[in-house]
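Using the numbering used here, read the sequence shown as starting at 60 and increasing by one per residue.
Only one structure is covered here, and it is reproduced in the block below.
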Amino acid sequence: MIDVDVLLVGAGFAGLRALYTMRSRGMRVTVLEASADLGGVWYHNGYPGARCDVESYDYSYRFSSELEQEWRWSERYAQQPEILSYIRHVAERFDLRKDIEFNTRMIGAHFDEDTSRWVVEGGDGRRWAARILMLCVGQLSTTKRPDIPGQNQFKGEIYHSGEWPLHEVSFAGKRVGIIGTGSSGMQMTPVIAPQCAHLSVFQRTPNYSIPAANAPVSEEEDRAVKANYRSRREQAANSPSGLGFIPNKKSALEVTPEEREQVYEAGWNRLGFGFALSYYDILLSKPANDTAVDFIRRKIGKLVADPTLRAKLLPADFPFGARRPSVDSGYFQTFNRSNVSLVDLRETPIEHFTERGIRTSAGEHALDMIIFATGFDAFTGSLLKPQITGRNGMTLKAKWENGPVTQYGVAVSGFPNMFIVVGPGSPSLLSNVMVSTEEQIDWLAALLDKMDKESLVEFEATEAGESAWTEEVQARAKETLYWTTPSFYNGAEIAGKPRVFMPYSGGVRGYRRLLQQCAAEGYSGFELRPASGRLARNTGIQTMTPPGQG
Ligand code: NA7
């Protein structure tokens, strides 16, 4: 058994930041990473056109101003290879690789109540004992491949956007089919279309998208951002989404149609995701949202020449932003190409794969390559893959049978000293995850400092605290339009998954204040114990329950 202070799972952005921070506190840290290299989702999502839809300067670490100053982003929205170069640079610069065990999947972990240590099992048979277990496994990291019959019969190539192979994939001369029109499908469509013989996009739900307005970063812009990086970070941290956009304080319904048109036009041309904050109530009120939908539909309509195609591509039956919109670079225009066709799965559903392609109710589409851009088992998929067992033999799977229950998205009652970074119940995918990640890790570091100073051994969410928080997450979602639409925010992406709202929709600023308040109140909603729970109970050592909790 290898003894460490912190066992971290996942070497993506969150895992590396956690490794850096925990090591800086003098802790012995080991990171288990199932893949052969760094990057997490960015390692696996190497499909053509993969690009971050958060601006590069904001989708980067804030913990080191030297790093901020020395790294030069080439584009407003970085592509996947550049993001991988960045994360590799960070690992080299801070000498992080030496603590990472690659090609090592955590298959299980259980909390030993006698020693207050997590015993973690690697897929290769090795075992670690750790005081703290930190799960940095990502929110969209377990891919979803629909159970369409006949997949084994297909003789061509099959890929998934989220498990893209490391080798070069050639599209030349091939008939390619993409299933799915979320961000991944929308990003790859304009890049693959010019390279292949024919592209068929299999669409079930037309999706909203705002143009990325991507561009190279000029020397002047780079200098300007770097001269004011601290204030940019502060603005991001104090914006609801962590993206730096301050919502318009006006309602979309209180302005004249002319003013609204101008505001939407400006947002459409520049803001990407920020378009949703053109008015404060776009994500809160259906009538306000309808004004945005009307504008977006008119804009998309102008991009597609053929009226029949246009009608099929126009999103209609859910509010803008209620499911994750895309930020695209030429998606709709691609359908004006003569080698691109749309297969509307609402009219002609897929029946099965054949040796030569995909059969829908209208007939066979002959293909040489099929790409699943069908998304992920979001939020909980990667947390529930390993067998994680807490106190009293309770597994996380059993605990979350009816949906994830967490205290602030970071901890779970019954699972002492286990910390989830950007877990369900935190702003997570409704925020710039970089902001959420760094805030949560800093908060945990402060908690561990307190525990060290006061010789405390365990922290654990209280049942009362996590129930109240889980209700709060649902209540906040009900104030928004997110609630109205089935999506991966509420478990609708997987048949049989509990339908509860998973990310916290109250914004990163409000969330940070709650974390700060929790700390100021002596970690309300958590128990901090001077000995392991069993020892404390057996010997009568009093556990410290902050006032009003537990
Ligand atoms: P998404 O946003 O979950 O999109 C998945 C897409 O796949 C979506 O269009 C789905 O249609 C479609 N889908 C899923 N299952 C099926 C089946 N069975 N048949 C046809 N179509 C299907 O995942 P993405 O990877 O695009 O985006 C996640 C990204 O968000 C992530 O990589 C980051 O870039 C941010 P539906 O809408 O369910 O009808």
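In this text, a Cβ means the ideal position worked out from N, Cα and C, and glycines have one as well.
Of the residues the options, which one's Cα is nearest the Cα of residue i?
| i | options | result |
| --- | --- | --- |
| residue 71 | 265, 148, 106 | 148 |
| residue 366 | 248, 342, 349, 391 | 391 |
| residue 335 | 305, 363, 358, 364 | 305 |
| residue 282 | 552, 128, 511 | 128 |
| residue 272 | 265, 387, 575 | 387 |
| residue 188 | 178, 194, 195, 196 | 178 |
| residue 590 | 174, 141, 110, 93 | 174 |
| residue 510 | 492, 581, 547, 474 | 581 |
| residue 394 | 118, 169, 240 | 240 |
| residue 69 | 199, 385, 429 | 199 |
| residue 167 | 435, 91, 518 | 91 |
| residue 434 | 214, 201, 411 | 201 |
| residue 143 | 326, 583, 164, 99 | 99 |
| residue 485 | 280, 443, 439, 62 | 439 |
| residue 182 | 160, 203, 379 | 160 |
| residue 60 | 481, 416, 152, 185 | 185 |
| residue 82 | 548, 63, 97 | 63 |
| residue 243 | 405, 524, 107, 508 | 107 |
| residue 131 | 518, 279, 237, 482 | 279 |
| residue 97 | 172, 154, 86, 523 | 154 |
| residue 231 | 308, 398, 523 | 398 |
Is the shortest distance between the beta-carbon of residue i and the beta-carbons of chain D less than 9 Å?
| i | result |
| --- | --- |
| residue 440 | Of the protein chains in this structure there is only one, and it is not chain D. |
Counting only the same chain and skipping the five closest in sequence on each side, list residues whose C-beta sits under 6 Å from that of residue i.
| i | result |
| --- | --- |
| residue 191 | 65, 476 |
| residue 103 | 221, 222 |
| residue 557 | 461, 462, 550 |
| residue 447 | 168, 455 |
| residue 389 | 249 |
| residue 490 | 300, 301, 567 |
| residue 74 | 67, 90, 195 |
Who pairs with residue i in a beta bridge, going by DSSP?
| i | result |
| --- | --- |
| residue 160 | 91 |
| residue 219 | 431 |
| residue 168 | 179, 447 |
| residue 423 | 418 |
| residue 61 | 187 |
| residue 400 | 259 |
| residue 134 | 275 |
| residue 477 | 192 |
| residue 342 | DSSP output for residue 342 lists no bridge partner at all. |
| residue 387 | 270 |
| residue 485 | 483 |
| residue 202 | 435 |
Leaving aside the five residues before and after residue i along the sequence, list all residues of the same chain whose C-beta is less than 7 Å from its C-beta, in chain order.
| i | result |
| --- | --- |
| residue 275 | 133, 134 |
| residue 606 | Caution applies to residue 606, whose pLDDT of 35 falls short of 50 and renders its modelled position unreliable; the value that the coordinates give is listed next. No residues qualify anywhere along the chain. |
| residue 76 | 120, 122, 496, 497, 500 |
| residue 382 | 544, 546 |
| residue 516 | 175, 588, 589, 590, 591 |
| residue 494 | 295, 296, 301, 567 |
Where do the ends of the alpha helix (DSSP H) carrying residue i lie?
| i | result |
| --- | --- |
| residue 446 | That residue, residue 446, is in no alpha helix (DSSP H); its beta strand (DSSP E) goes 446-448. |
| residue 249 | 242-251 |
| residue 140 | 139-152 |
| residue 466 | Neither: residue 466 is in no alpha helix (DSSP H) and is coded neither H nor E. |
| residue 636 | Absent from the structure is residue 636, since the part of the chain shown begins at 60 and ends at 609. |
| residue 569 | 567-579 |
| residue 500 | 492-512 |
| residue 324 | 316-329 |
| residue 366 | 366-372 |
| residue 336 | It is not in any alpha helix (DSSP H) - residue 336 carries neither H nor E in the DSSP assignment. |
| residue 302 | Note, residue 302: premise wrong, no alpha helix (DSSP H); not H, not E. |
| residue 551 | First-last for residue 551: undefined, no H or E at that position. |
| residue 456 | 455-458 |
Starting from residue i, trace the beta strand (DSSP E) both ways and give me its first and last residue.
| i | result |
| --- | --- |
| residue 521 | Counting along the chain, residue 521 falls outside any beta strand (DSSP E), and DSSP gives it neither H nor E. |
| residue 419 | 416-419 |
| residue 193 | 186-194 |
| residue 355 | Unbroken run through residue 355 is the alpha helix (DSSP H), 345-362; no beta strand (DSSP E). |
| residue 290 | Unbroken run through residue 290 is the alpha helix (DSSP H), 288-296; no beta strand (DSSP E). |
| residue 235 | 234-238 |
| residue 411 | 409-412 |
| residue 586 | 585-588 |
If I'm right that residue i touches residue j with Cβ under 8 Å, what's the distance once you round it to whole angstroms?
| i | j | result |
| --- | --- | --- |
| residue 341 | residue 311 | 6 Å |
| residue 396 | residue 256 | With 8 Å as the limit, residue 396 and residue 256 do not qualify as a contact, their Cβ atoms being about 12 Å apart. |
| residue 468 | residue 563 | 6 Å |
| residue 209 | residue 411 | 4 Å |
| residue 431 | residue 226 | Contact flag wrong, Cβ pair sits at about 18 Å. |
Apart from the five residues on each side of it in sequence, which residues of its chain come closer than 8 Å, Cβ to Cβ, to residue i?
| i | result |
| --- | --- |
| residue 372 | 262, 265, 359, 363, 391, 394, 401 |
| residue 505 | 578 |
| residue 538 | 343, 564 |
| residue 156 | 97, 150 |
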